[in-house]
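Colleague: Chains as they are written, first to last, in my numbering: chain L, 22 to 151; chain Z, 22 to 151.
Following this message is one structure expressed as structure tokens.
Number of protein chains: 2
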Amino acid sequence: MKVIKLEDLLGTEREVKSPAGWTSVRFLLKKDGMGFSFHETTFPPGLRFDMHYKHHLEAVFCYRGRGVLTNRDTGEKFVIEPGTVYALDQHDRHTLEAETELKLVCAFNPPVTGNEIHDADGAYLPDTGD
Amino acid sequence: MKVIKLEDLLGTEREVKSPAGWTSVRFLLKKDGMGFSFHETTFPPGLRFDMHYKHHLEAVFCYRGRGVLTNRDTGEKFVIEPGTVYALDQHDRHTLEAETELKLVCAFNPPVTGNEIHDADGAYLPDTGD
Numbered sequence: 022m023k024v025i026k027l028e029d030l031l032g033t034e035r036e037v038k039s040p041a042g043w044t045s046v047r048f049l050l051k052k053d054g055m056g057f058s059f060h061e062t063t064f065p066p067g068l069r070f071d072m073h074y075k076h077h078l079e080a081v082f083c084y085r086g087r088g089v090l091t092n093r094d095t096g097e098k099f100v101i102e103p104g105t106v107y108a109l110d111q112h113d114r115h116t117l118e119a120e121t122e123l124k125l126v127c128a129f130n131p132p133v134t135g136n137e138i139h140d141a142d143g144a145y146l147p148d149t150g151d
Numbered sequence: 022m023k024v025i026k027l028e029d030l031l032g033t034e035r036e037v038k039s040p041a042g043w044t045s046v047r048f049l050l051k052k053d054g055m056g057f058s059f060h061e062t063t064f065p066p067g068l069r070f071d072m073h074y075k076h077h078l079e080a081v082f083c084y085r086g087r088g089v090l091t092n093r094d095t096g097e098k099f100v101i102e103p104g105t106v107y108a109l110d111q112h113d114r115h116t117l118e119a120e121t122e123l124k125l126v127c128a129f130n131p132p133v134t135g136n137e138i139h140d141a142d143g144a145y146l147p148d149t150g151d
């Protein structure tokens, strides 16, 4: 059993602050052996960010805030609010825009190693064996 | 892309109400093809419940409420509060007690099929191919 407190990860390599403005705290990474990674991500109000996880499936639960998710493959838009889950099961190109601060709980399969960066397309690069 | 609203699952087979008092809303199950399942679980104040996932790994993020998690294998106790994650990476026998209503976001690997029940030990039974 592992018990991990958010406050203990702040300022460590498990708190990733994007130059774009979002912050992602990685509670569980590949090396934790769960078969998925488990993060809390914060989008500040007004942030609009394009993503495309070519190599991962991701599920996201919103527990606070309000925003809009756009599926850039289809043009569809969805309100994101507490109690909304979205699942990127088709490696969907997507844009998330926060109207108020968004608090999101995210699971990735395969698990993120912690060393990925978003490339120019907003993807995480594939795992290279870490 | 799937976008799922909590309110749309209430009263369906994806809202599981335990006779013990907890409720689990299954946003993503095995058949959703994510490689993990993704739930929101609510423990009402005062509920104390023994669990033992012999066949699954589980990670849990608390976003509201306060409780105590006991590792029944070691006797250790941990405060569960917003921003706490616990990971059952050793199929740990555990007890969760809610002091106030606990709101939990849970990921299971392998994914729950939706048909499991807790057996007498508090385990989910293994997947039989659904």
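For each residue, glycine too, the CB sits at the ideal point set by N, CA and C.
Compare the C-beta of residue 59 (chain L) with all C-beta atoms of chain Z and state if any pair is closer than 8 Å.
Modeller: To locate residue 59 (chain L), count along the first sequence from 1; it is residue 38. Cβ-Cβ to chain Z under 8 Å: yes for residue 59 (chain L).
Colleague: Could you check whether the stretch 85-93 of chain Z touches the stretch 22-32 of chain Z, counting it as contact only if at least three pairs of C-beta atoms, one from each stretch, sit closer than 8 Å?
Modeller: The answer is no - the stretch 22-32 of chain Z does not touch the stretch 85-93 of chain Z, with fewer than three Cβ pairs under 8 Å.
Colleague: Can you tell me whether residue 136 (chain L) is buried or exposed, with buried defined as 16 or more other CB within 10 angstroms of its CB?
Modeller: Position 115 of the first sequence holds residue 136 (chain L). That one is exposed.
Colleague: Between residue 50 (chain Z) and residue 40 (chain L), what straight-line distance do the alpha-carbon atoms span, to the nearest angstrom?
Modeller: To locate residue 50 (chain Z), count along the second sequence from 1; it is residue 29. To locate residue 40 (chain L), count along the first sequence from 1; it is residue 19. Answer to the nearest angstrom: the Cα atoms are 34 Å apart.
Colleague: May I ask you to list the residues that DSSP assigns as paired with residue 92 (chain Z)?
Modeller: Here residue 92 (chain Z) refers to the residue found at position 71 when the second sequence is read from its first residue. DSSP, once it has assigned bridges, lists Z:115 as partnering residue 92 (chain Z).
Colleague: Can you list the residues of chain L that residue 28 (chain Z) reaches, using a CB-CB cut of under 7 Å?
Modeller: Locating residue 28 (chain Z) in the second sequence gives position 7, counting from the first residue. Neighbours of residue 28 (chain Z) on chain L, chain order: 104.
Colleague: Can you tell me which of L:103, L:79 and L:119 puts its alpha carbon nearest to the alpha carbon of residue 67 (chain L)?
Modeller: Working through the first sequence from its first residue, we reach residue 67 (chain L) at position 46. Of L:103, L:79 and L:119, the residue nearest in Cα terms is L:119.
Colleague: Considering only the alpha carbon of each residue, which of L:36, L:82, L:45 and L:65 lies closest to residue 109 (chain L)?
Modeller: The residue labelled residue 109 (chain L) in the question sits at position 88 within the first sequence. Nearest of L:36, L:82, L:45 and L:65 to residue 109 (chain L), Cα basis: L:82.
Colleague: Give me the residue from Z:114, Z:63 and Z:48 with the minimum Cα distance to residue 57 (chain Z).
Modeller: In the second sequence, the residue the question calls residue 57 (chain Z) occupies position 36. Comparing Cα positions, the closest option is Z:48.
Colleague: Which chain Z residues are close to residue 115 (chain L), counting only those with a beta carbon under 8 Å from its beta carbon?
Modeller: One-based indexing of the first sequence puts residue 115 (chain L) at position 94. Result: 22.
Colleague: When the distance is taken between beta carbons, is residue 117 (chain L) closer than 8 Å to residue 59 (chain L)?
Modeller: Position 38 of the first sequence, counted from the start, is the residue given in the question as residue 59 (chain L). Position 96 of the first sequence, counted from the start, is the residue given in the question as residue 117 (chain L). Cβ distance not < 8 Å, so residue 59 (chain L) and residue 117 (chain L) don't count as in contact.
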